[in-house]
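To start, the structure itself, in structure tokens.
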Ligand code: SAH
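Residue numbers (my numbering): 16 to 464.
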């Protein structure tokens with residue numbers, strides 16, 4: 016076992032899924048933040064267990080050519096981004112590698128390389144921010160959680176967000192400080208304002224502000240709206256009632272205080288209505304490229320019925336509608352399903368149906384009704400497909416399954432399960448939807464044998 020506080024020499028050989036460096040020291044895997052593969056470093060052990068340890072770089076002996084100065088002054092503390100210490104080429108390489116390794120190791124594939132849709136222009140790409148609010152010496156401030164904690168790191172200007180989004184944060188904080196609006200305290204479960212949520216349409220430039228509060232009312236709403244109206248694009252203010260303890264940002268009840276309660280945006284040539292609770296990819300440019308890849312890989316014809324499981328507000332479903340005979344979307348969040356139906360109407364799409372419910376159960380139900388699915392698209396959350404989904408897909412046996420995933424490990428697990436049920440992997444592509452952050456998206460196609 017390695018000794019705590021002792022300094023060892025190590026070479027970084029790989030990355031964790033969170034983007035930390037990994038070194039093998041005396042047979043033990045040591046996780047080291049802010050490290051780059053190939054670097055030789057002196058590492059101080061901060062935590063030592065039998066099979067693994069955590070350490071920190073005290074000195075870099077051989078610097079990677081991919082190392083760079085961090086453009087963000089709080090990058091080291093803030094838990095938002097993971098890769099400001101490396102150039103984009105290394106980030107893209109490691110993300111493609113992660114997807115490839117998962118598909119090989121867990122999915123039983125033998126891929127020698129895997130392409131990635133790169134996103135080298137990472138400035139201001141995020142169309143959504145959720146700032147936790149905190150206080151320091153009686154003054155409110157907002158930022159992002161410090162890595163692995165719930166203490167808030169103040170960030171004047173977050174480089175992956177548009178300026179308008181940060182301007183909303185500043186306007187809300189200004190209002191909170193002027194009117195003494197109580198800030199929520201997690202430990203005592205008292206206070207009002209928990210999170211400032213901002214969504215801005217990349218094309219429409221419309222801004223939705225949603226304040227998550229431990230209560231049902233906000234004081235001085237006209238004064239807050241007055242401040243927000245100075246920000247170009249501000250359209251609507253919504254309150255999200257969240258009186259529960261825990262990490263969830265938004266509650267289940269929404270009260271519109273100003274404007275329509277949603278914004279619109281254009282994606283893949285279609286107009287979408289977006290409510291606060293609805294999922295919408297945060298990187299517009301890359302999402303569009305990802306969906307275009309999904310449409311290409313699906314190889315749909317006018318005779319096809321397409322089933323889109325985990326469809327959100329119907330982005331992929333509706334983007335595929337014009338190529339298909341019929342499209343069916345399934346989504347569990349009622350507000351998102353309402354948005355999806357409205358999105359079909361507002362785009363004049365008549366061959367789309369949406370169902371609210373669990374993807375697996377809905378798919379089993381459709382299968383029982385004898386509805387034939389030619390192509391399936393699945394885009395589940397990180398935990399991947401549930402057993403019902405796999406079962407339903409196996410029984411329906413669509414010609415193609417296009418799987419969009421935000422977790423390569425569960426993707427690879429599901430690929431293996433689907434291969435055992437008569438499919439083979441046709442295409443695999445990583446897509447960088449979160450440049451500077453460790454998450455990686457991927458898309459694969461499985462074809463029936
Ligand atoms: N395809 C959409 C949304 C993908 S995100 C897009 O690209 O915009 C995953 C979606 O799955 C979310 O909208 C989430 O609400 C939904 N979801 C989560 N669990 C689900 C379940 N068990 N059944 C159906 N949908 C679910």
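Quick reminder that beta carbons are idealized off the backbone N, C-alpha and C, glycines included.
Check this for me: beta carbons of residue i and residue j, under 7 Å apart or not?
i, j, result
"residue 424", "residue 28", "no"
"residue 111", "residue 129", "yes"
"residue 51", "residue 21", "no"
"residue 431", "residue 122", "yes"
"residue 96", "residue 397", "no"
"residue 443", "residue 459", "yes"
"residue 197", "residue 167", "no"
"residue 371", "residue 392", "no"
"residue 283", "residue 303", "yes"
"residue 103", "residue 58", "no"
"residue 407", "residue 435", "no"
"residue 329", "residue 298", "no"
"residue 265", "residue 190", "no"
"residue 440", "residue 127", "no"
"residue 141", "residue 455", "no"
"residue 318", "residue 340", "yes"
"residue 379", "residue 403", "yes"
"residue 87", "residue 176", "no"
"residue 56", "residue 75", "yes"
"residue 179", "residue 246", "yes"
"residue 119", "residue 155", "no"
By a C-beta neighbour count over all protein chains shown, 10 Å radius and 16 as the cutoff for buried, is residue i buried or exposed?
i, result
"residue 263", "exposed"
"residue 202", "exposed"
"residue 320", "buried"
"residue 18", "exposed"
"residue 16", "exposed"
"residue 184", "buried"
"residue 346", "buried"
"residue 311", "exposed"
"residue 367", "buried"
"residue 204", "exposed"
"residue 463", "exposed"
"residue 115", "buried"
"residue 399", "buried"
"residue 78", "exposed"
"residue 70", "buried"
Am I right that residue i and residue j are in contact with their C-beta atoms under 8 Å? What's the rounded C-beta distance?
i, j, result
"residue 72", "residue 47", "6 Å"
"residue 243", "residue 224", "6 Å"
"residue 254", "residue 272", "6 Å"
"residue 182", "residue 280", "At roughly 19 Å, the Cβ-Cβ gap does not stay under 8 Å, so residue 182 and residue 280 are not in contact."
"residue 276", "residue 269", "7 Å"
"residue 228", "residue 208", "6 Å"
"residue 261", "residue 222", "In fact, because the Cβ distance is near 27 Å, the residues do not count as touching under 8 Å."
"residue 415", "residue 313", "6 Å"
"residue 292", "residue 348", "6 Å"
"residue 322", "residue 413", "7 Å"
Can residue i be considered in contact with ligand 3, in the sense that its beta carbon sits closer than 6 Å to one or more heavy atoms?
i, result
"residue 460", "This structure does not include ligand 3; its bound ligands are ligand 1."
Could you work out which residue in the options is closest to residue i when comparing CA atoms only?
i, options, result
"residue 309", "328, 291, 294 and 332", "332"
"residue 157", "350, 463, 101 and 226", "226"
"residue 219", "250, 368 and 201", "250"
"residue 89", "298, 161, 302 and 209", "161"
"residue 206", "186, 217 and 232", "232"
"residue 26", "312, 32 and 44", "44"
"residue 376", "325, 151, 101 and 454", "325"
"residue 33", "94, 208, 268 and 164", "94"
"residue 54", "100, 164 and 127", "100"
"residue 67", "31, 79 and 91", "31"
"residue 394", "422, 83, 261 and 437", "422"
"residue 445", "291, 42, 106 and 65", "106"
"residue 449", "133, 115 and 42", "133"
"residue 188", "177, 171, 175 and 204", "171"
"residue 300", "138, 163 and 56", "138"
"residue 350", "386, 285, 327 and 92", "327"
"residue 151", "169, 412 and 64", "169"
"residue 389", "80, 409, 400 and 373", "409"
"residue 405", "428, 278 and 464", "428"
"residue 199", "215, 230 and 236", "230"
"residue 461", "447, 419 and 453", "419"
"residue 384", "411, 69 and 362", "411"
"residue 365", "373, 386 and 342", "342"
"residue 108", "192, 285, 165 and 81", "81"
"residue 363", "387, 386 and 336", "336"
"residue 164", "186, 153, 92 and 234", "92"
"residue 374", "457, 62, 401 and 234", "401"
"residue 136", "447, 453 and 437", "447"
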